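One line per chain: the protein sequences are R and V, in this order.
In terms of this note's numbering, the first sequence has 262 at position 262, counting the first letter as 1, and numbering is strictly consecutive.
In terms of this note's numbering, the second sequence has 66 at position 66, counting the first letter as 1, and numbering is strictly consecutive.
What follows is a short report on a single structure.
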Amino acid sequence: MPNVASDSVVPPAAPPRAPYPVHLGHRIEDLPTRATRRSIGPYLLLLPVIIALILALAYPLGRQIIMSFQGFGLAQQLGTAPPEWVGFANYRTLLTDPAIWTVIARSIAFCFVNASLTMVIGTALATLMTKLSTGVRIALSTSLLFAWAMPVIAAMTVWEWLFNSEYGVINWLLTQLGLDYTGHSWLTNPLSFFFVATVIVVWMSVPFVVFSVYSALTQVSEEVLEAAALDGAGGWQRFRHIVLPTIMPVLSVVTVLQIIWDLRVFTQIFYLQGAGGLASKTDLLGTFIYRLGISQSDYGLASAVALFVLILTLVITSGYVRSLFKEADA
Amino acid sequence: MSKRLANTLGIILALLWIFPVYWMVNTAFLPASQSRSTTPTFVPFGGDFSAFSRVLTPSFMNSLFLSLRVTLLVVVVALIFAFLAALAVSRFRFAGRKGFILTILIVQMIPAEALFISQYKMLQGWGLLNSVAGLSLLYVAAVLPFTVWMLRGFVDGIPADLEQAAMIDGCSRTSAFFRITFPLLAPGLVASGVYAFLQAWNEFTLATVIMNPSTKTLPLWLRGLAIQSNQATDWPGVMAGSVLVALPVIIFFMLVQGRMTSGLVSGAVKG
């Protein structure tokens, strides 16, 4: 008989049990021969991931923290002088510069409007899906799936074409409806620029919300709903007291994801700026950092703003991370 | 709400959401002259493949090969790395395991915009700006957290008893793993691989930062095609380019769609 424990430090007889509580659904106690603190096996298996994350994320993060305390003037940009230590100057600028606060406020407003619209429309569509005949439901979910699958840049080119001032189908349609939109340029005015951006972002984001919420809605018990209806609960009451509590976990996760996605809509804004938007009036945090750092080589201030975005994101997602961590058997 | 009203609303919404995708395909088959008309053409009667032949240029082929190289490298490396880590997290209990899981979860939340300045400076210092290696390194790190998380779920789902039973029947640990566990893992590897493919193929932000205008991945090429000069834009050409970029994505996406939805809800963030 082959030695089962040949590559294990712990002998197969009388295996030590895991010294910490074992959570539901996991089989720690079934793995006696490998559950040991002394083995270097697991660390070797983790090594490639750890090295990749250190190289591509941890090291740049450290550098970015250092850079946020440095100044990059003209001499540094020409490569003739090392960066200069400026203490908290970049952070002072971040806190006091009205231009930066305009961008932050604009980003938060954009994020709020887009995430709310996406959640409301997505939840409404998911509810509608439960009321459709099978054929219509398949048609709707297929078209949502196509919209979701579109690569972001391919979607942007199509929307640019739809909103094209001369030959765009949207201007044509509005003109047919009796409004004079011939040759109307959508991207030059910042407000209408953000309207276009919102249409695109919502169109792209809604399918994910619909599918997530719809699958949660199918978990709502029909019997309970019927019983409540018999007891005289109206439509809103049933939604508020039965449906909502059931779908709440999914709803809150999806909301958090939408918020952090809509806080950093780099691709869409960057693309629309290139297609005719005025960058200085339409920058959101992502494009602002890009312009500051990559275009103007002000790495110090760009790093400080980027760290602000990082911290904001981690604060928003901390509850979500905690719940995922609890769900994991860690 | 009556069923008829609901169905009517459902059909209108379905048409509304599919319309941009339809419009892309429709325009791609129109002759250039027909796309520049005050009245749009809604069905591509009399259309042809000329727009496709116009965009299949050497610059498209260069971008295609660049994107294929980056994507393939990212998928293979990320799958191997993530698989090893998933095994460690799922099959072993060791000091630092919780810390590793927590790190993976937090890293998933980090937006590209929060680090691309220093990633740019780092690759510049290493002479890896504008290179397949540099871009792939960033992509691998970006997809690893989710692939580890997803594969961990799959490994968890395969009872270790199965392996042990095989070992009692005479298999070595390695052969038990490859004969029993690995085949059961195949769907998980496919799903994670497709996820990594989609991310690397579609990614725009880091590519914009890292690659210069002469070396473009497909998304950068497509943007260049659409933006070059607004007045004379060849829209059927741009739409044909979009169809070419989108087609493999849509096919792969349909294959793993169900798993992506549940995966995203239970712990993925990169989208």
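We treat Cβ as the ideally placed atom computed from N, Cα and C, and that holds for glycine.
If you're wondering where the values come from, they're calculated on a predicted model, not measured in any experiment.
Open item on the list: If the cut-off is 8 Å on Cβ atoms, which residues from the stretch 233–266 of chain R count as contacting chain V, listed in chain order?
Closed with: The stretch 233–266 of chain R vs chain V, Cβ under 8 Å: Val250, Val253, Val254, Leu257, Ile260, Trp261, Leu263, Arg264, Phe266.
Task: C-beta contact flag for threonine 217(V) and serine 63(V) at 9 Å - done: Contact annotation: threonine 217(V) and serine 63(V) have beta-carbon atoms nearer than 9 Å.
Open item on the list: For phenylalanine 72(R), which residues in the same chain have their Cβ closer than 7 Å to its Cβ, ignoring the five residues on either side in sequence?
Closed with: If the five residues before and after phenylalanine 72(R) are omitted, its C-beta is found closer than 7 Å to the C-beta atoms of Pro83, Ser297, Asp298, Tyr299, Gly300, all from its own chain and listed in chain order.
Open item on the list: Using beta carbons (cut-off 9 Å, strictly below), is glutamine 64(R) in contact with chain V?
Closed with: The beta carbon of glutamine 64(R) sits closer than 9 Å to some beta carbon of chain V.
Task: Coil, strand or helix - tryptophan 126(V) by DSSP - done: Correct three-state label for tryptophan 126(V): coil.
- [ ] Determine the DSSP secondary structure at glutamate 223(R), reduced to helix, strand or coil.
- [x] DSSP places glutamate 223(R) in helix when its eight states are reduced to three.
TODO: Pick out whichever of Gly87(R), Ile121(R), Ala149(R) has its Cα sitting closest to the Cα of methionine 272(V).
DONE: The structure shown does not extend to residue 272(V), since chain V is modelled only from 1 through 271, so no value can be given for it.
TODO: Can you grab the Cα-Cα spacing for the pair leucine 272(R) / glycine 232(R), in whole Å?
DONE: The straight-line gap from Cα to Cα measures roughly 52 Å.
- [ ] Compare the C-beta of leucine 225(V) with all C-beta atoms of chain R and state if any pair is closer than 9 Å.
- [x] At a cut-off of 9 Å between beta-carbon atoms, leucine 225(V) makes contact with chain R.
Open item on the list: Please confirm whether asparagine 62(V) has its beta-carbon closer than 9 Å to some beta-carbon of chain R.
Closed with: For asparagine 62(V), the answer is no, since every Cβ of chain R falls outside 9 Å of its Cβ.
Task: Min CB distance threonine 157(R) to chain V below 9 Å - done: With 9 Å as the cut-off, threonine 157(R) counts as an interface residue toward chain V.
- [ ] At 8 Å on the CB atoms, spell out the chain R contacts of leucine 237(V), in chain order.
- [x] What sits at residue 237(V) in the sequence shown is glycine, not leucine. Correct list: empty, because the minimum Cβ distance to chain R is about 10 Å.
- [ ] Determine whether the Cβ of phenylalanine 193(R) lies closer than 9 Å to any Cβ atom of chain V.
- [x] Not closer than 9 Å to any Cβ of chain V, the Cβ of phenylalanine 193(R) fails to qualify, so no.
Task: arginine 223(V), enclosing alpha helix (DSSP H) - first and last residue - done: Arginine 223(V) -> alpha helix (DSSP H) spans 218–227.
- [ ] Identify the continuous alpha helix (DSSP H) that holds valine 74(V) and give its terminal residues.
- [x] Note, valine 74(V): alpha helix (DSSP H), 58–91.
Task: Partner residues on chain V for glutamate 160(R), Cβ-Cβ distance less than 8 Å - done: Ordered by position in chain V, the residues that pass the 8 Å Cβ test against glutamate 160(R) are Ala226.
TODO: Mind listing the chain R neighbours of tyrosine 120(V)? Cutoff is C-beta to C-beta under 8 Å, in chain order.
DONE: Those are Gly293, Ile294, listed as they occur along chain R.
Task: Residue ranges of each beta strand (DSSP E) within the stretch 57–136 of chain R, 3 or longer - done: Entirely contained in the stretch 57–136 of chain R, not one beta strand (DSSP E) run reaches 3 residues.
TODO: Excluding the 5 residues preceding and the 5 following isoleucine 259(R) in the sequence, name in chain order all residues of the same chain whose CB lies nearer than 7 Å to its CB.
DONE: Once the five neighbours on either side are set aside, the close Cβ partners of isoleucine 259(R) are Cys111, Ala115, Ile316.
Task: Start-to-end residues for the alpha helix (DSSP H) that takes in asparagine 164(R) - done: Where asparagine 164(R) is concerned, there is no enclosing alpha helix (DSSP H), because DSSP gives it neither an H nor an E.
Task: Cross-chain neighbours of arginine 36(V) in chain R, by beta carbon under 7 Å - done: Within 7 Å Cβ-Cβ: Tyr167.
Open item on the list: If you measure between the beta carbons of alanine 56(R) and glutamine 119(V), is that distance less than 9 Å?
Closed with: Against a cut-off of 9 Å, the Cβ pair of glutamine 119(V) and alanine 56(R) comes out as a contact.
TODO: Show which residues of chain V have a CB atom less than 8 Å away from the CB atom of phenylalanine 110(R).
DONE: Residues of chain V with a Cβ closer than 8 Å to the Cβ of phenylalanine 110(R) do not exist; the shortest Cβ-Cβ separation is about 14 Å.
Open item on the list: What would DSSP say about tryptophan 261(R), mapped onto helix, strand or coil?
Closed with: Three-state DSSP puts tryptophan 261(R) in a helix.
Task: Cβ neighbours of serine 275(V) in the same chain (closer than 6 Å, five flanking residues each side left out) - done: This structure leaves residue 275(V) out entirely; chain V is present only between 1 and 271.
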